[in-house]
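Report on the following structure.
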Amino acid sequence: MQYALSRHAQFRLAERKIALAWLERVLVSPQRTEADPDEPALEHRLAAIPECGGRVLRVVCDPRQNPLKIVTVHFARSMKGKP
Numbered sequence: 006m007q008y009a010l011s012r013h014a015q016f017r018l019a020e021r022k023i024a025l026a027w028l029e030r031v032l033v034s035p036q037r038t039e040a041d042p043d044e045p046a047l048e049h050r051l052a053a054i055p056e057c058g059g060r061v062l063r064v065v066c067d068p069r070q071n072p073l074k075i076v077t078v079h080f081a082r083s084m085k086g087k088p
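Quick note on my numbering: the sequence shown kicks off at 6 and runs consecutively.
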């Protein structure tokens, strides 16, 4: 899957030590998807990352963009163990 990282997403990946492989795994095989509550055109893709104790990684992307634009990425604290 082709995607482009926003500067914000690049910064957050490095700051939070999130592996690109995890991001790509969530993009390709999300366990759950949600519309963004503030901007419905954005999509949240979520999946548990076993290597991080089952923490749920949330990838916010803009599916209208080609390639897919990654807006931000972070671990969803309130979702641990329940994607």
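Don't be surprised by glycine CBs; every beta carbon is placed ideally from N, CA and C.
1. Tell me the DSSP secondary structure of Arg-69 in three-state form.
2. Can you name the start and end residues of the alpha helix (DSSP H) that Ala-52 belongs to?
3. Along the chain, where does the alpha helix (DSSP H) containing Val-20 start, and where does it finish?
4. Are the segment 34-42 and the segment 12-26 touching by the rule of at least three beta carbon pairs closer than 8 Å?
5. Between which two residues does the alpha helix (DSSP H) harbouring Arg-30 extend?
On the basis of the data shown:
1. coil
2. Counting along the chain, Ala-52 falls outside any alpha helix (DSSP H), though it belongs to the beta strand (DSSP E) covering 48-54.
3. Going by the sequence as given, residue 20 is Glu instead of Val. Unbroken alpha helix (DSSP H) run through Glu-20: 12-21.
4. no
5. 25-33
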